[in-house]
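I have placed the structure first, in the form of structure tokens, so that the comments after it can refer back to it.
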Amino acid sequence: MSAVIDTAAKPEVITFTEAFSRALHDAMEMDPAVITLGEDIGDEEGGGIFKVTKGLSTKFGTDRVKTTPISEQAIVGAAIGASLAGMRPIAEIMLMNFITVPMDQIVNHAAKLRFMSGGQTHVPITIRTRTGAGAGTGGQHSDMLEAWFAHVAGMKVVVPSTPADAYGLLLGCIFDNDPCLFIEDQLTRTQTGPVPVKGEIIKLGKAHIAREGTDVSVIGYGRPVRDAMVLAEKLAAEGISVEVVDLRTVSPLDTETVLKSVAKTGRAVVIHEAPRSFGCGAEIAARIQESLYSELKAPVLRVASRDVTVPFSRVLEAAYLYQASGIEAAIRQTLEKRAAR
Amino acid sequence: MSSASLNPEASVAADSGHQPLRFYVPEPKCRPGSAPDFSGIQLPTEVLPRPPVDASQDQLHAYAYGLIRVLGDDHKIIDEWNPQLDANVLRKGLRSMLLTRIYDQRMLRAQRTGKTSFYMQCTGEEAIAVAQAMALEPDDMCFPSYRQQGLLIAREWPLVDMMCQVYNNSEDRMKGRQLPVFYSAKKAGFFSISGNLGTQFVQAVGWAMASAYKGDTRLAAAWVGDGTTAEADFHYALTFAAVYRVPVLLNVVNNQWAISSFQGIAGGEVTTFAARAVGYGLPGLRVDGNDFLAVYAATKWAIARARAGMGATVIELYTYRAAAHSSSDDPSGYRPEGEGALWPLGDPIERLKQHLIAIGEWSQEQHDALTSELTEEVKSAGKEAESFGTLGSKGTSPSTMFDDVYKELPQHLRRQRQQLGY
């Protein structure tokens with residue numbers, strides 16, 4: 001696959017999978033210190049179960065693109081060790097539920113080494129993983145665990161909502177000097193969006209106003225942002241002006257951009273796919289009300305999935321998962337509060 | 001209570017014609033109050049020759065169960081593992097071991113007098129870190145556990161710097177963020193010590209793979225204790241090291257005790273820790289860890305093998321933790337007093353000293369003079385370190401606490417720092 005994107009023969013859109021893949025190809029072209037390791041990622045093994053790494057080992061060799069034993073703790077541990085030797089390793093954890101295995105290496109080492117070594121060393125690794133409910137993959141293949149990592153000092157957590165962002169943010173993670181967790185959504189991987197500019201890095205830690213509006217701020221990351229964009233278009237027809245704040249980087253959170261948006265609209269709906277309780281939404285909502293209590297025209301609302309294990313059955317899974325209709329209802333609810341005043 | 005009484009269906013089980021099932025809980029041979037007894041430790045009488053470094057793994061099985069020794073009980077060289085070291089090298093080894101012990105003694109006293117909160121000695125294990133540091137190149141990368149301070153000392157890292165870390169004073173390069181003795185010295189190739197045991201094993205494997213990928217010549221070496229072989233990271237590291245033939249040395253310091261649990265609790269009764277390597281297709285060498293020459297020779301063999309592209313070696317360094325686990329531990333609660341003095345493999349410093357005397361390269365007078373000199377050196381370093389403060393006297397400003405969490409200070413940390421008044 002060519003990484004050149006500005007040819008006339010190419011379509012004007014790419015999928016998420018293509019965006020992830022291009023970012024990996026381009027990063028490895030840009031810097032020989034970029035190496036990749038993970039389960040089944042080599043071309044001889046099929047190029048990864050979702051084909052994101054397809055072509056990498058053929059192009060860059062198995063010294064740089066290594067299929068590993070099924071040892072997630074060793075994948076991350078070896079990536080940490082390689083980073084200490086000057087590499088920028090990309091460690092792939094096939095599915096996010098498997099990331100519970102290397103928690104020790106991530107939480108106690110990758111995240112803390114810069115601090116605990118007195119600043120002598122750092123761990124510029126990127127952990128790529130994928131997850132997301134809605135594809136019928138059950139409670140051990142679907143969890144959104146981003147809040148666990150956002151809670152750890154020293155970690156950066158990134159979730160893209162468009163293919164172009166996926167490309168720029170993945171490059172941003174790979175060339176960042178702190179350990180990054182990059183979460184790919186398995187449900188939307190074939191969805192398309194405008195093509196990114198080759199080599200263009202999106203700096204981490206900065207939220208993006210995906211759509212400007214004046215009545216209510218919808219704040220989120222990843223898949224629910226795509227739902228919010230569709231809803232914003234629909235509600236515009238009714239004269240409701242929705243501002244969509246795409247965090248891009250969940251942690252460290254760009255509080256400034258969030259507060260600026262909510263200060264303007266006076267209303268906030270925080271959305272995420274992960275279960276509601278103790279999720280990132282609670283932190284975002286708290287930061288908003290701590291700073292903007294007197295300016296809020298309505299309580300900050302959260303839309304999230306239910307606090308149960310992701311069930312396998314399609315019917316149950318749909319009932320578990322947050323719904324776009326729930327986001328719409330929350331937006332209308334914040335506006336009703338205004339009417340009641 | 002017998003297990004049968006827990007089982008209301010025991011009579012049914014008896015009717016099945018099978019004996020009730022059982023399991024076994026390992027217990028050390030002696031506990032406090034009984035006389036120390038190492039009679040169960042059989043020192044191999046067979047001398048294993050030094051194999052070629054490219055020997056196939058199946059030719060090396062015996063080395064995982066034997067014991068490589070060079071210094072015999074009569075302090076003379078006993079086998080062909082003799083690394084043929086110059087007397088100057090041996091005296092340097094003796095000096096580093098002795099300096100390590102005297103350093104430990106002073107720092108433990110410092111802990112007892114409240115100058116720091118915590119200390120860990122490596123008494124009886126000095127030959128391991130010192131001989132291995134000397135066998136490695138100075139820029140080979142070390143991923144130690146918390147009882148290899150001898151690596152730093154053999155690499156001539158300043159004692160004052162180590163003491164400042166232990167005292168957590170104004171010159172502590174860890175800036176008050178790390179437990180005492182959890183040193184980190186990037187310039188000495190000494191990686192930050194981990195409190196979660198064994199994590200450094202896989203990190204060393206990754207480091208060594210990156211070194212090879214870069215076309216570098218630097219090896220990695222890592223250390224864990226006997227207890228840590230029960231951690232998953234140990235097994236992950238051996239898997240990776242075997243699969244990719246990684247140029248790394250994976251050392252298991254079997255000092256018989258994991259805090260208060262004897263090595264049988266980690267599975268040391270049924271087989272050796274070196275034998276763990278066999279199942280992974282890696283060579284395992286079991287070495288007399290109190291024999292400076294044997295540790296040096298076995299380490300050199302593993303280094304030569306790694307450099308020849310033959311991959312990793314697991315080395316079990318058979319030794320005895322003569323002191324408490326740490327300043328917070330009291331061994332009199334779980335092992336007989338005076339056990340260390342009866343350890344059948346002796347004391348590493350005494351053995352090298354007696355060897356040097358036996359070959360006419362050292363004397364008791366020289367040893368006494370060296371002891372005085374090193375005691376003065378440690379005392380002088382201690383005074384200098386203490387001039388920068390001891391625990392709690394000259395702390396680090398809380399304003400620095402927000403540095404190095406990330407490369408750049410994020411918004412929320414800037415705010416939290418401001419809230420603290422900085």
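Residue numbers (full-length UniProt numbering), protein chains in the order written: chain G, 1 to 341; chain D, 1 to 422.
Quick reminder that beta carbons are idealized off the backbone N, C-alpha and C, glycines included.
Which residues mark the beginning and the end of the beta strand (DSSP E) in which L249/D is found?
248 to 254
On a Cα-Cα basis, can you pick out the residue from G138/G, I106/G, V195/G that is closest to E12/G?
V195/G
Which runs of the beta strand (DSSP E) spanning at least 3 residues fall entirely within the stretch 199 to 262 of chain G, listed in chain order?
208 to 211, 216 to 220, 242 to 246, 249 to 251
V378/D vs Y103/D beta-carbon contact at 8 Å
yes
Just list the alpha helix (DSSP H) runs in the stretch 157 to 197 of chain D, keeping only unbroken ones of 4 residues or longer that don't cross its boundaries, in chain order.
159 to 167
Can you list, in chain order, the residues of its chain with a C-beta nearer than 8 Å to that of Y320/G? Leave out the 5 residues immediately preceding and following it.
A133, S305, R306, V308, V310, P311
Excluding the 5 residues flanking S2/D on each side, which residues of the same chain have their C-beta closer than 6 Å to its C-beta?
The predicted position of S2/D is uncertain, since its pLDDT is 44 and thus under 50; no value can be drawn from it.
Does A91/G come out as helix, strand or coil in the three-state DSSP assignment?
strand
Backbone secondary structure at L37/G - three-state DSSP:
strand
Please compile the residues from chain D whose C-beta is within a distance smaller than 9 Å of the C-beta of S117/G.
R173, M174, R177, Q178, S184, K186, F191, S192, D404
Where does the unbroken beta strand (DSSP E) through W223/D begin, and where does it stop?
220 to 225
Would you list the one or two residues that DSSP bridges to K66/G?
L37/G
Span of the alpha helix (DSSP H) holding P54/D?
Residue 54/D is actually Asp in this sequence, not Pro. Here D54/D belongs to no alpha helix (DSSP H), and DSSP marks it neither H nor E.
Just the C-alpha distance for A150/G and L181/G, rounded to the nearest angstrom, thanks.
9 Å
If we ignore side chains and look at the alpha-carbon of each, how far apart do M1/G and S21/G end up?
For M1/G, the predicted model reports a pLDDT of 40, less than 50, meaning its position is unreliable; a value from the coordinates is still stated below. Looking at the two C-alpha atoms, the distance is approximately 9 Å.
Cα separation between T390/D and G421/D?
25 Å
Leaving out five residues on either side along the sequence, give the residues of the same chain with a beta carbon under 7 Å from the beta carbon of S194/D.
Q200
Which residues in chain G have a C-beta closer than 8 Å to the C-beta of T271/D? List them in chain order.
Within 8 Å Cβ-Cβ: nothing; T271/D doesn't reach chain G, min ~23 Å.
Compute the Euclidean distance between the alpha carbons of V130/D and G124/D, then round it to the nearest angstrom.
12 Å
Which one of P275/G, I271/G, R287/G, R314/G has the shortest CA to CA distance from R302/G?
I271/G
From T265/G to A27/G, what does the alpha carbon distance come to, in whole angstroms?
39 Å
Taking G154/G and A111/G to be in contact with their CB atoms under 8 Å, please state how far apart those CB atoms are, rounded to whole angstroms.
4 Å
Less than 8 Å separating the beta-carbons of F16/G and A135/G?
no
How is V158/G classed by DSSP in three states: helix, strand or coil?
strand
Buried or exposed: which applies to L6/D, given that a residue is buried once 16 or more other Cβ atoms fall within 10 Å of its Cβ?
exposed
Cα-Cα separation between Y213/D and A79/G, rounded to whole angstroms
13 Å
Excluding five sequence neighbours on each side, which residues of the same chain lie with their C-beta closer than 8 Å to the C-beta of L296/G?
V262, G266, R267, A268, I288, Q289
Just to confirm, is the Cβ distance from T318/D to W343/D under 8 Å?
The displayed chain sequence assigns Tyr, not Thr, to residue 318/D. Cβ distance not < 8 Å, so Y318/D and W343/D don't count as in contact.
Would a check of beta-carbon distances place N196/D closer than 8 Å to chain G?
yes
Chain G contact for Q418/D (CB, 8 Å cutoff):
no
Look up S261/D in the DSSP assignment and give the residues it is bridged to.
A258/D
According to DSSP, is M1/G helix, strand or coil?
Summary for M1/G: the model assigns pLDDT 40, below 50, so the residue's position carries little reliability; its value from the coordinates is reported in the next sentence. Coil, per DSSP.
Where does the unbroken alpha helix (DSSP H) through S397/D begin, and where does it stop?
Neither: S397/D is in no alpha helix (DSSP H) and is coded neither H nor E.
Just the C-alpha distance for R248/G and A210/G, rounded to the nearest angstrom, thanks.
10 Å
Against D178/G, what residues of chain D qualify as contacts under a CB-to-CB distance less than 8 Å, listed in chain order?
Y406, K407
Nearest neighbour of A82/G, chosen from Q256/D, H75/D, K187/D, L219/D [CA to CA]:
L219/D
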